[in-house]
Structure formats: structure tokens, C-alpha cells
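To start, the structure under review is shown below, and the notes come after it.
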Amino acid sequence: MVKLNMASVVTFHMKLSHIYKGLIIWLALHRALCVLDVTNSDIVKRQWPYPLLPGNFEDLTNNLEQCNKKKQESSTDKLAHSPTLKQIATSLAENKTVNLAAVYDDVLSQKSMLTLQMYGSIAADWRFSQSESMPWSTWLNSTVVNSTEVNKVFSTLVGDIKQNTKEYYPYETTLHILRRGDSVGLIQGDSEEVILIYFLKDDWQINSYGELNLYKGEEIEMSVKPSFNRAIVWNGSLAYLPKSPSMNCEGSLYFLMIKYTGNMTKVDLFEARRLHHIEEKKNAERNMFHSMMDINGHYGNIDVANHVTKDYTGTNGRKIYVFDDLFLRDDLLNLRNHVEDYGDYYFDDSYDEDSDNVQWISAINIELFIKSRLWKVVQRIAEFVSGVSTWYPYDIACNNIRAFDSTQNHQDCETWEDEWTFLLYLNPNWTIDYGGETAFYSDSEKLEYITSIRPKYGRAVIFEGIIPHSARPPSSVHLGPRFTCLSSYFTWMGETPAVSKYGIV
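In C-alpha cells, the structure reads:
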């Protein structure tokens, strides 16, 4: 039995990773990057600074006479009140920015655009980092990208900007997501590189902000608004700052960024770094749970009843239990560090009124978890609160909730299902001012509060999944994440019933 919420989706994503994920990624990349209908002549180029341009002109490197004739045929009146092409070309030639940056619209076919979007939603493993300039990113294999038709188009755009005759190659290819409240710092580039950003978010509104600013020194040299199917290409000598969406924007700014270089050593070094991170992540998960195999010692004779801090009774006798000081500090620290350093997140910002509306969820390997001593403790807790010993986890994940997220009230199962949800808070040094409580409600129409529980570090909460509840985002005093490890349990019937509820088997 699988609860119908977003955490269940990430469990499905995790199970696919064992058998099918490689195929999904290959197909997604193949469709996104190799199937391309657009030709170079379809691309609309906008030289900068933008106020000099009267409209959507074709590439100004075309023959001026032909371009002028084409524009006169399509819009004589428009040109009559605008600078002539010769004046524009002269102004651009005198501006030092001309050879450093350009903006192109209508770059890829609709099919390629949509497939790139789908890749980010289905196959990408998103990484979270508070130390890097942009918090959410996922790496793509630049060697694969280099061999695609999409890169042939992008490389043509790069050729307009590069300052030498060398052949340039993509060496760092990343997808990024920016959300309201994200703090992004100024990023310094390398004058020997060319950087390309390609926007993948459709229907972006001007009041949603999210512009890209290019800097020369401390002054803004250029500002570019996000636009679907738009590419911005610039020389790395210009520092850059992608701006976060506005506070009234609940959507996400989604874009592809590729850094190009003529230095093959840099290409090889970055690919080696990417592969090393993948291998390091695999080993880290194995090693973390391997270190928790010993079920004796601290947990051997633990009496969970002695660790009950509070218990609550909701509508129809539904129970909520709070436990403190059950888990070793080392185990809590290892679990948090693993999620923070190596967690692969599933992202979904679509709205579903029956879900928790948590956008970022990192799956935890069930097979490894149930072999660890953590599971032995959770088993005892589940048996203590229910009187049943045959519980099995079907959904283990870590939620990452931040100050400007918008979560909502939900239930983890249907009324006819017998399920429990277990929470473990992984937020050291958490203060009352940070907020982030888990709120529980009666299941009446008015949804009155049963209680709210503070996310104290190491605290465990277990409750019947039918109880309406909501994870509150942290207050703006705390701009970091609120990590909660959660797991859902059903009475043992094997894994097949859980998966078949989604129609997978």
C-alpha cells in the first residue's frame, strides 16, 4: 500500500534506479539533445545593448542590404520610426560589449525544449548545496552533450563570442533551478571561456524577475530577462549573477548552463571530477549503513517506552507519539551528513491539493536501511505504538523544506488503510525562532489543531497516517534547510502490493 503523496513518487523513482534508470536517462538525453528540427537560420539573434534595437532583427552579421530589404517588406512603418540598420551596426561596432555577449531567441524546436524539461523532472538527480553559488543543480555528461545536434547549434552561437580560432568544447554542463528566496552571489568567470545559459521555463512573467545580470567591474553591463527558448552567450571575462524569482512567484526558474573551453585538459579534469563524485556517493551510502549494522551496544536493550516525551489522541482515537534521545548522536550526524553531501533529490513543483506540496525529496535506499540498527529501533517503536510486529517500510525519504516554500495540510493514506508515518528530525542547533513545526489537525471539516511539534534535533514522531498534518517551513530567520527523514509503514504483505497500487506491476 503506497500513500498517494509526493514522497511516494520519489520511492518509485528510487526503485527504478536499480534496473531502468540508465535506460531512462539515455532515452531522455537522446530525445532532448539529438532530435532537433531547428536550423541555424531559424534562430533570432539580438545584439546588445538592447535599447538600440528596433525589434526582432535577424543576425546582424548578415548582409545589411538583404536584411534591410527583408525588414522593409515585413514592416515598413516600423523601420520608418527606428534607427537604420547601418546606424545600429555602427553603434554596436563602437560598443565594447558587442563581441562579449549576445542573446538568441527561438533556438531549439519545441520537441527538444519539452524533452529537456522532462529530463529535469524525470531522470535528473538534483544536488543541494548551501556553499555553491546556486543551491540546486544537476550535472550532465559533457562528453555526451558534445556529440549531440543540440550542441552543434549551441557551438555555433559560442563561435560568435569566442575571442580566438580554437575549437571550443563543453566541459561543465549543468541544469539549475532557482526559487524565490534563493541567495545567489556574483560569479566570476574566466576570460578563456564562453558561457551559455538556455532558459527552459515557459510563460515567465516580467514581475517574476529572475533576470541575468552581466557585470564589468562593479557595474551592470547587461540585463537579460528569462524567456522560453532563449539563449544568452557571453565571454567569461564578464562576471554574472542569475537573480532569484520574486516573492510573489511560486514557480521555479529552470535553465541549462554550459561552460565552453578550448583547453582539453580542463575538459578531462572536470569529467574525472564528475565521475569521482558519482563513485564517492555510492560508497558513502554503503559505508554509512554498514557502520550501523551493529544492533547491540546502545540499542541492544533499549526500552522505547522510557523515551516517550508526549502522546496525543486525535479524532476517532488516532494516536501521535513523540520520542526523544533514542538515537546515537553519531548515527544522527552520519545520516544528516549523507543527505546533505550526497542526497539525490527528486523535484516537483506541480500543484496537487491532496499532497504535502514539498518540492524537494531525497530517497533513501530501503534495502540498506532495513539492514541497519536504525530500522531495528524503528521496528520497536512501531510495535510499541500499535501492538503489531509485522510492519514494513515502503517509503523512506528526506524532505528538504526552506523558508520560502509553501507546504500544505494533507493525509498520508486513505481511511481504509492501516498505516503509520515515522519522522526523524535532523536539524542540530535548532531554535524556537526557526519555526519548522509539524502541525497536526483533527479530521473534522474545521481542521482544528491537535498539536504542533517542534523539530528538535534527534526527535522522533510516529503517527497514524490518516491524521491530517503539515510540515511548516522554517521562518525567514533561518535561511538554511529543514531536514526531516520520514518513513511510512504498512502491515507486512511483501513489496508487490505497495508497487502494484501505482499500476507498475
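Numbering-wise, the sequence shown is residues 1083 to 1587 according to the working numbering. Glycine included, each C-beta is placed from N, C-alpha and C at the ideal position.
- Over what stretch of residues does the beta strand (DSSP E) that includes Glu1422 continue unbroken? Taking the first residue of the sequence shown as position 1, residue 1422 is located at position 340. It is not in any beta strand (DSSP E) - Glu1422 instead sits in the alpha helix (DSSP H) that spans Arg1411 to Tyr1424.
- Task: Indicate the three-state DSSP secondary structure (helix, strand or coil) for Ser1191 in the structure shown.
- Result: Taking the sequence shown and counting its residues from 1, the one referred to as residue 1191 is at position 109. DSSP places Ser1191 in coil when its eight states are reduced to three.
- Among Pro1475, Cys1495, Ser1444 and Pro1556, which residue has its Cα nearest to the Cα of Ala1206? For the purposes of this step, residue 1206 is taken as residue 124 along the sequence shown, with counting starting at 1. Considering only alpha carbons, the answer is Ser1444.
- the segment 1454-1474 in contact with the segment 1365-1377 per 3-pair CB rule at 8 angstroms: yes
- Task: Starting from the C-beta of Val1559, find all residues in its chain whose C-beta is less than 7 angstroms away, skip the five residues before and the five after it, and write them out in chain order.
- Result: Locating residue 1559 in the sequence shown gives position 477, counting from the first residue. Once the five neighbours on either side are set aside, the close Cβ partners of Val1559 are Asp1515 and Tyr1516.
- Query: Taking DSSP as the reference, what is the three-state secondary structure of Val1266?
  - Reply: Sequence index remark: in the sequence shown, residue 1266 carries index 184 (1-based). Three-state result, Val1266: coil.
- Which runs of the beta strand (DSSP E) fall wholly inside the segment 1211-1295 and span at least 3 residues, in chain order? 1218-1222, 1251-1260 and 1275-1281
- Item | Burial state of Ile1360 (16 or more Cβ within 10 Å) | On the sequence shown, position 278 is the one that residue 1360 refers to. Exposed: under 16 other Cβ atoms inside 10 Å.
- Query: Whose C-beta lies closer than 8 angstroms to the C-beta of Tyr1291 among residues of the same chain, with five residues either side of it excluded?
  - Reply: If you number the sequence shown from 1, residue 1291 lands on position 209. Lys1325, Ser1326, Pro1327, Ser1328 and Cys1331, listed in sequence order.
- Task: Out of Tyr1474, Leu1196 and Leu1414, state which residue places its alpha-carbon closest to the alpha-carbon of Lys1283.
- Result: Counting from one through the sequence shown, the residue named residue 1283 turns up at place 201. Ranking the options by Cα distance to Lys1283, first place goes to Leu1196.
- Message: One question on the structure: do Tyr1250 and Tyr1342 come within less than 8 angstroms of each other, judged by their Cβ atoms?
- Response: Stepping through the sequence shown from its first residue, residue 1250 is reached at position 168. Stepping through the sequence shown from its first residue, residue 1342 is reached at position 260. Cβ distance < 8 angstroms, so Tyr1250 and Tyr1342 count as in contact.
- With respect to the beta strand (DSSP E) encompassing Asn1482, which residues constitute its N-terminal and C-terminal limits? One-based indexing of the sequence shown puts residue 1482 at position 400. From DSSP, the beta strand (DSSP E) with Asn1482 extends over Trp1473 to Ile1483.
- With respect to the beta strand (DSSP E) encompassing Trp1457, which residues constitute its N-terminal and C-terminal limits? Translated into positions along the sequence shown, residue 1457 becomes position 375. Looking at the DSSP string, Trp1457 is not in any beta strand (DSSP E); the run it does join, the alpha helix (DSSP H), is Arg1455 to Ser1468.
- Query: So, helix, strand or coil for Gly1202, using DSSP?
  - Reply: Counting from 1 along the sequence shown, the entry for residue 1202 is found at position 120. Gly1202 falls in the helix class under three-state DSSP.
- Where do the ends of the alpha helix (DSSP H) carrying His1359 lie? Along the sequence shown, read from residue 1 onward, the residue named residue 1359 stands at position 277. Note, His1359: alpha helix (DSSP H), Met1346 to His1372.
- Query: For the beta strand (DSSP E) that Glu1546 lies in, which residues bound it at each end?
  - Reply: For the purposes of this step, residue 1546 is taken as the residue at position 464 of the sequence shown. Unbroken beta strand (DSSP E) run through Glu1546: Ala1542 to Glu1546.
- Proximal residues to Gly1344 (C-beta, below 6 angstroms), its chain only, five neighbours per side dropped: Position 262 of the sequence shown, counted from the start, is the residue given in the question as residue 1344. These residues qualify, in order along the chain: Lys1248 and Tyr1250.
- Item | Cross-strand partners of Gly1517 (DSSP beta bridge) | The residue labelled residue 1517 in the question sits at position 435 within the sequence shown. For Gly1517, DSSP records a beta bridge to Pro1556.
- Message: Using only CA atoms, which one of Ser1524, Thr1347, Asn1398 and Lys1401 lies nearest to Glu1254?
- Response: Within the sequence shown, numbered from 1, the residue matching residue 1254 stands at position 172. Ranked by Cα distance from Glu1254, the options Ser1524, Thr1347, Asn1398 and Lys1401 are led by Thr1347.
- Query: Any idea what DSSP makes of Ser1173, helix, strand or coil?
  - Reply: Position 91 of the sequence shown, counted from the first residue, corresponds to residue 1173. Any reading at Ser1173 needs caution, since the residue's pLDDT is 35, under 50, leaving its predicted position unreliable; the model's value is listed next. DSSP places Ser1173 in helix when its eight states are reduced to three.
- Item | Spatial neighbours of Val1467 in its chain, beta-carbon cut-off 6 angstroms, leaving aside the 5 residues before and after | Taking the sequence shown and counting its residues from 1, the one referred to as residue 1467 is at position 385. Counting only Cβ-Cβ distances below 6 angstroms, and skipping sequence neighbours, we find Tyr1403 and Ile1544.
- Query: Could you give the residue range of the beta strand (DSSP E) that holds Glu1303?
  - Reply: Translated into the one-based positions of the sequence shown, residue 1303 becomes position 221. Counting along the chain, the beta strand (DSSP E) containing Glu1303 begins and ends at Glu1301 to Val1306.
- Helix, strand or coil: which one does DSSP assign to Phe1486? For this step, residue 1486 is matched to residue 404 along the sequence shown. Correct three-state label for Phe1486: coil.
- Task: Using three-state DSSP, classify Phe1451 as helix, strand or coil.
- Result: Here residue 1451 refers to the residue found at position 369 when the sequence shown is read from its first residue. The answer is helix: DSSP assigns Phe1451 an H, G or I state.
- So what does DSSP say about Thr1197, is it helix, strand or coil? In the sequence shown, the residue the question calls residue 1197 occupies position 115. In the structure shown, Thr1197 sits in a helix (DSSP, three-state: H, G or I).
- If you draw a straight line from the C-alpha of Leu1294 to the C-alpha of Gly1540, how long is it? Here residue 1294 refers to the residue found at position 212 of the sequence shown. Here residue 1540 refers to the residue found at position 458 of the sequence shown. Each residue's Cα considered, the two are about 41 angstroms apart.
- Message: I'd like to confirm the pairing. Which residues does DSSP put opposite Phe1337 in its beta bridges?
- Response: The residue given as residue 1337 occupies position 255 in the sequence shown. His1258 and Phe1281, per the DSSP bridge assignment.
- Give the secondary structure of Thr1497 by DSSP, where H, G and I count as helix, E and B as strand, and everything else as coil. In the sequence shown, counting from the first residue as 1, residue 1497 sits at position 415. Thr1497: coil per DSSP, three-state reduction.
- Message: Between Glu1527, Ala1321, Val1189 and Glu1496, which has its C-alpha nearest Val1266's C-alpha?
- Response: To locate residue 1266, count along the sequence shown from 1; it is residue 184. If we check each option's Cα against that of Val1266, Ala1321 comes out closest.
- Task: Might you give, ordered along the chain, the residues of its own chain that have their beta carbon closer than 6 angstroms to the beta carbon of Arg1261, omitting 5 neighbours on each side?
- Result: Working through the sequence shown from its first residue, we reach residue 1261 at position 179. Non-local beta-carbon contacts of Arg1261 in its own chain, meaning distances under 6 angstroms to residues more than five positions away in sequence, involve Ser1334 in chain order.
- Item | Asn1509 in three-state terms, based on DSSP | Here residue 1509 refers to the residue found at position 427 of the sequence shown. Asn1509 falls in the coil class under three-state DSSP.
- Query: Opposite Tyr1539 in the DSSP bridges: which residues?
  - Reply: Position 457 of the sequence shown, counted from the first residue, corresponds to residue 1539. In DSSP, Tyr1539 forms no bridge with anything.
- Hey, could you find the ends of the beta strand (DSSP E) Ala1387 is sitting in? Taking the first residue of the sequence shown as position 1, residue 1387 is located at position 305. Note, Ala1387: premise wrong, no beta strand (DSSP E); not H, not E.
- Item | Euclidean distance between Cα positions of Ala1387 and Glu1501 | Within the sequence shown, residue 1387 is the residue found at index 305, counting from 1. Within the sequence shown, residue 1501 is the residue found at index 419, counting from 1. Rounded to whole angstroms, Ala1387 to Glu1501 spans 21 angstroms at the Cα level.
- Message: Rounded to whole angstroms, what is the Cα-Cα separation between Phe1504 and Tyr1201?
- Response: As a first step, residue 1504 is located in the sequence shown; it is residue number 422 there, counting from the start. As a first step, residue 1201 is located in the sequence shown; it is residue number 119 there, counting from the start. Their Cα atoms are separated by approximately 31 angstroms.
- Message: Do Ser1203 and Thr1397 count as a contact pair if the criterion is CB distance below 8 angstroms?
- Response: Taking the first residue of the sequence shown as position 1, residue 1397 is located at position 315. Taking the first residue of the sequence shown as position 1, residue 1203 is located at position 121. The answer is no: Cβ separation not under 8 angstroms.
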